[in-house]
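Residue numbers (numbering that gives the first Met the number 0), protein chains in the order written: chain A, 0 to 457; chain B, 0 to 1034. Ideal Cβ positions, reconstructed from N, Cα and C, are used throughout, including at glycine.
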Amino acid sequence: MNTTVDLEVKRRPLVTGNQTFESISDIVCKPVEATPPKWWHIALLGSITLLALLMSMIGYLVWEGIGVWGLNNPVGWGWAIVNFVFWVGIGHAGTLISAILFLFRQKWRTSINRFAEAMTVFAVICALVFPGIHVGRIWMAYFMFPIPNSMAMWPNFRSALLWDVFAVGTYFTVSLLFWYVGLLPDLATLRDRAKTKTKKIVYGLFALGWRGSSRQWHHYEKAYMILAAIATPLVLSVHSIVSFDFATSQLPGWHTTIFPPYFVAGAVFSGFAMVLTLLLIARQIFNMKELVTMRHLENMCKFILATGMMVGYAYAMEFFMAWYSGNPYEQFAFTNRAFGNYAWAYWIMVSCNVLSPQFFWFKRFRNNIKLMWVISIFVNIGMWFERFVITVTSLSRDFLPSSWGYYSPTFVDVCTFIGSFGLFFTLFLLFLKFLPMVAISEVKGVMPEANPHHKEAH
Amino acid sequence: MSPLKEFWRSLLDTEGASEAGSSDLNSPVAPAAGEFSKDASLLSSPKSRRSFIKLMGASFAFAGLTGCKGLRKPTRTIRPYAQQPESLTPGRSNYYATSMNVGDDVVGLLVESHEGRPTKIEGNPSHSLSLGATNKFHQASVLDLYDPDRLQHVTQKNSISTIGNFKSWIHDVLASNRSGKGLSILIESSTSPTFYRQISQIKKRYPASTIHKYTPVNRDSLYEGLSAASGQSIVSGHAFDKADIIVSFDSDFLNGEPGNVVSSKEFSTRRDPDSSTSLNRLYSIESTFTVTGSTADHRIAVSSGHVEGALWIIANAIIKKLPSSQVSSSIKSLVKEGAHKYQSLISDDIVSAIASDLIANKGRSILIAGDRQPASVHSLIYWLNDVLKNAGSTVMYRPRPLRDHSIVTDSHMDSITNLLKRIHKKQVKTLVILGGNPAFNTPGNLQFAAQLSTIENTVHVTSHANDTTALCQWGVPRHHYLESWSDTKGLDGSVSIVQPLIEPLYEGLSDISALSILLNRKRSDYALVRQTWRFLSPGTAFTSSWKRWLNTGVIHGATPANTSDVSQVAAIRGAVHRSVKRAKYYSNFIEATFVPDDSVYDGRWINNAWMQECPDPITKLTWDNAARVSPALAKQYHLKMGDIIEIDINGKKLQLPVYLMPGQAKQSITLPMGYGQKVVGRIGKGSGFNVFPIQNSDTPYRVEKVSITKTDKTYSLATTQEHGDMEGRPLYRQSTVTEYLKNDKVFEDASHVPLKSLWKEKVYDKGYQWGMTVDLSKCTGCNACVVSCQSENNIPVVGKKEVMNGREMHWIRLDRYFVGADTHSPELVTQPVACVHCENAPCEQVCPVAATTHDDEGLNGMTYNRCIGTRYCANNCPYKVRRFNFFDWNQRSVQSEKKERLHFFDHPREPAKTIQMQHNPDVTVRMRGVMEKCTYCTQRISEARSKTANEGRQITDSDLKTACQQVCPSNAIVFGDILNKDSEVSQKRSSSRSYAMLAELNIKPRTLYLGAVRNPNPTLSLDHNTEKSAHEHHS
């Protein structure tokens, strides 16, 4: 043995199974190029049905008025806002996985980042539906935007709802750009592999003339890094600002400084859970166990555990602060959360978000695909309930007991929420069919073959 | 500032320049430019050929768009008057005096008229029974005028006919029968001298005819008791402003009973601890919570049938303490006997406290009994008021109005029973019913409806087709009081004219003209009313007197003197004797009492949407009635709110839901009347349960030996407030007068942290700064403000289902809380809450489109056009006073009608044309999707501002009253300029009782509350307010 040189500690490989550049391209491009399987058609039909449900519910809402929802006088915000925050939260993991992990050179991200980014974009689209339709006069919703007008009437810049418009709008734009820029080399790959003229033209159009020259790669890498750098603070800001909708009001249970970090942690938590839910299915269906390895899954479980603990800490802190503040309204709001007439929602939230991730302390469970999937579903449910608990419980019982009331959703509330999954999955299924769900170029970049000195050691 | 500058500024102010912005006189701008604010840019750019062509091009393009007819609303032309009526300025309202009666209760009114449409009712300050206030019914009466469900045509056997047909028919009927044999007329309580003059004419013309009357809520027993005790036909009046001690025996004199408006006015003058007069003390002994009971300093809940026992006990205690020379020994022994029978009914402490209070305040106290208490109670009260020297000082007896007409002094129940006897004997061939609804609201044992259908000719003159109309051959629309001439005589003898404000909307008859038709006379109602009063001002002076009367709404010189009271001890003794002998302590029986509903009264407001949606002041129930049961009884029968029970009274059964009423006498069930009508308009349809079938004509207000069984069924009740516990929060603050005098800081809440703002706050120290105070000591919770606000501000009604969804729209609501741990004898407090116009308003900060903003006068304004309906403001409002238009309530109202012409993307329905006529043109009718709330009646502020600006002076208190303030019979609400030291509101604000609700949020509300000061007897602790646990004792 040569003792004159340090032995290079070998990292665990990120891609397993003796893949070559060509086989990677083949694996990833296969679903795009092949005729979609039967399940895809069935799933798309189902999703489009739900999408139609969403559209009809929105049509009904616009025609009849907000009264078709279950809202009432103390509870002015219900499922629409809950769904909005829920979807925005889900839209967090994508950019986080992509941008932050990219900046930290976490190369394991490459096989899941495309997937996660797509999820972000679609989730934010779903989220954006709700603030749009939840206003009383939808046809006047453009008043929210600072459009110059003859009355010199501007929106109210003090309102957190307005910040929200900007924050979510910016986040969506940057996420979309980030995703699209990352797609460019792969779109070119698809263009080059395309067998029909239409495909060639369409992919060619979207590939923006990518030829893979060194100069283009140079620009691309720069652009990608800049976008990653812009997107990273946005991940933190967008949900902080969403939380301001609540935190800047004076309602007990909303008026809390803990909200920004708590919401961001919650968003990452729910985002990772949703990525996990979808990825586990896709991995199985598309047989990509060699790209999305157990290591990836385990890392995600650890993230879920960590963020779940943060969320749990926030729940505990809220109670501590309520007690410590000595503010009777605040104290009541939290007692009411845990023991009032919405206690059922609170305890669903706690068991899903705090208790269920505790399994991930053990490697055994972190390697159990089925359990992982079940827990990810629980987290999704729990995080929806977290927003429900915050929004509805606080509103239903605030300062004057004379105004207290109970909110229950109507079928329109429920169908709109279910329908939003239709929108999400329709977009997602179309993504699976028409775009490479794993970043081909980036996966190739983390393979040993991509190292210029790859063969030198031998 | 130099005086000259000051002078010029003022002049410009009067020309409206100040409203256009600050105009600087030193600036070179010509005075004419002052028309525009200096910031407004004038159209000064020169017209170029290019801009002309641009403009024309655009004009042509848009002209082309006008071809798309479907997109455009139809053209409506507004035509000016060809001849402008005198004193009518379009856009400016006029007020006319009139008056209205509900039963015997007369209140003088001023009615606001917009271009010939009466829109809003106010009290007439010159009328002795209004003093400027009204109650909720008067407020709601204007909606009845425009009710699209009114009977709109003469109907014969349910098919449309004409008034001409009716006239010729009735004349044929009467022509064959000169003496009037077989003719009977059934009337409601009327207070009109002209009407009774006509009745006398009828008696003269048709000597064999009979006149009958019936109103389910009447004062038969009061009049019987008083006439037994005095030998005269008299009525009592009370000077609540002079009484130091008031003991109410089942009387709701502040809300339900005749004279409640003026009673509240007078009573409230003695509930202000900051005024020079001392506080009065009110004891209330009643079976179910009433507004009066909730205002009382001590309330004792006993069954309605035991109230008489409580009276004996208290009377006995009084007699014991009085020198025996003052009391007749014959009554003494009877009272003692009665007291003995009920000896453990109420605690001795409270009895001796009441007795000592009454004796210590001889001549300055009032004992008053409710109309539904038996005559013997009223006789004994008459006697006691005499013994205590109250008669003549605080209790006045006046001749009963119109007592010369025998029909007036007849008892309602006797009168209707006589009619039924005649019908039964087939002595009635033709029955003319003027108003009312006897087929519905007569006691079930009388079987009126069945009898009615046996009569050959029946006529019902009625505002709405109801159960009675359906059984009558003819239905004739009855004019609303705002459509007809009449007159009224109030309980104090004051007389006022009923002046119409609008031509009758539908062909029909007034009560007076209906009688004219029977008499076959052609004189108009107007001429008849004038003729009635000509004697007061004979000759040529009449015309000017008449004008004056019309103008003030009161006929001067018609009020009679008080009668001297003559106690007929023997008669009183007789009445009490019979009562005492009959008396038994019904500890094991459950009683049921029949009370007029607070919203629909005896059923007459059943189709009035405002009244239906007006939450009951005690139960907060809307759109329904329910049997009120005590929590103790509910526990015994395992009843929950909304469970349907079956009530069995001697085999007559009724199923209705229960409402669990804290403070209800344990063994007493209260059944509000008036609901459950079968033939009724769209508003009243399906609301509530009819309790009349189990009512008995012998004891119409109360039955004993009621048995109840729980059924499996439940019923959804719509209440506007589900939670009655204040959760220990300092929202409604009250104290006792002793504590308050000791420590005037008692209403301060120092528990919160010092208030500091993060940013520099705007200072409101110039111009008018509006503010309001609500005196919780005075507020009784009578609901007048709620309906008044609804009427003034075009507030829609949402219907039962939406009330259950929590979407009621009232801008002012009355929060009701129960105080005290015991559900049997809690206190009930009421706090009016509307937008408090926070200076540092949380709603304004969160609105993303700046639709709710503050103006310079401290109003928290809503710009409906700008609002997109995020509801963020409502979420952030700690008082939850903002109301969201979840739907277009006007279009979705059950009374709405199909639009004449549909437009693209437009709702197919719109409010009924007549309902639109009620709308106040000064207030925007809101569409769906926008937020709304109390504006401090900003339209009234604007009106006052322009009026006083024209007169070159500042707004003072007398120029401006908000709708809630104006109507308040207790003067609890005060509004005005808080910077003006002389304004009443700034004086009230400086009271040490004033506090801001939720002040700890540092939102600086402009509406302040004045803490309630109660005046309990210092010898009693408050938990004595209970029927001594007598039931356990006896059972």
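Taking the C-beta atoms as reference points, residue 669 of chain B is found no nearer than 7 Å to residue 701 of chain B. Beta-bridge analysis with DSSP links residue 771 of chain B to B:974 and B:1006. For the pair residue 793 of chain B and residue 922 of chain B, the CB atoms are nearer than the 7 Å cut-off. In this structure the segment 401-417 of chain B does not lie against the segment 259-279 of chain B, because fewer than three pairs of beta carbons, one per stretch, are closer than 8 Å. Under the DSSP assignment, residue 236 of chain B falls in the beta strand (DSSP E) whose first and last residues are 233-237. Residue range 258-284 is occupied by the alpha helix (DSSP H) that includes residue 264 of chain A, with no beta strand (DSSP E) assigned at that position. Residues of chain B with a Cβ closer than 7 Å to the Cβ of residue 249 of chain A are, in chain order, 841, 875, 877 and 1000. Distances from the alpha-carbon of residue 118 of chain A to those of A:273, A:405, A:259 and A:209 put A:273 closest.
Taking 7 Å as the threshold, the shortest C-beta distance from residue 394 of chain A to chain B falls below it. By the rule that beta-carbons nearer than 7 Å mark a contact, residue 447 of chain B does not touch chain A. Going by C-alpha positions, residue 492 of chain B is about 58 Å away from residue 326 of chain A. By the Cβ test, the segment 417-431 of chain B is not in contact with the segment 342-359 of chain B, since fewer than three Cβ pairs between them sit closer than 8 Å. Looking at the DSSP output, residue 861 of chain B bridges to B:851. In terms of Cβ geometry, residue 775 of chain B and residue 1008 of chain B form a close pair [threshold 7 Å]. The C-alpha of residue 521 of chain B lies about 7 Å from the C-alpha of residue 515 of chain B. Excluding sequence positions up to five before and after residue 671 of chain B, its CB lies within less than 6 Å of the CB of 594, 596 and 624, all in the same chain and listed in chain order. Note on residue 170 of chain B: under 16 other CB atoms within 10 angstroms of its CB, so exposed under the neighbour-count rule. Boundaries of the beta strand (DSSP E) harbouring residue 459 of chain B: 456-461, taken from the DSSP string.
Under the Cβ criterion of 7 Å, residue 778 of chain B is not counted among the residues facing chain A.
Using a Cβ distance threshold of 7 Å, residue 402 of chain A and residue 377 of chain A do not count as a contacting pair.
The shortest CA-to-CA distance from residue 731 of chain B to any of B:716, B:747 and B:741 is the one to B:747. DSSP assignment within the segment 183-269 of chain B yields the following whole alpha helix (DSSP H) runs of 4 residues or more, N-terminal first: 192-204, 219-229 and 259-267. Taking the beta carbon of residue 73 of chain A as reference, the chain B residues within 8 Å of it are 805 and 879, listed in sequence order. Only buried fits residue 431 of chain A, as 16 or more other CB atoms lie within 10 angstroms of its CB.
Minimum Cα-Cα distance from residue 222 of chain A among the listed residues A:93, A:98 and A:41 corresponds to A:98. Going by beta carbons, residue 674 of chain B and residue 691 of chain B fall outside the 7 Å limit. Taking 7 Å as the cut-off, the Cβ atoms of residue 212 of chain B and residue 406 of chain B count as close. Contact check between the segment 596-614 of chain B and the segment 762-779 of chain B: fewer than three CB pairs, one atom from each, fall below 8 Å, which does not count as touching. Under the Cβ criterion of 7 Å, residue 182 of chain A is not counted among the residues facing chain B.
Put simply, the backbone Cα of residue 523 of chain B is about 58 Å away from that of residue 711 of chain B. In the structure shown, the three-state DSSP call for residue 472 of chain B is coil. For residue 400 of chain B, there is no enclosing beta strand (DSSP E), as DSSP marks it with neither H nor E. Using a Cβ-Cβ cut-off of 7 Å, residue 160 of chain A counts as an interface residue toward chain B, since at least one Cβ of chain B sits closer than that to its own. Looking at the DSSP output, residue 153 of chain B shares a beta bridge with B:160. In the displayed model, residue 417 of chain B falls within a helix according to three-state DSSP. Closer than 8 Å at the C-beta level to chain A, one finds these residues of the segment 927-941 of chain B: 927, 928, 929 and 930.
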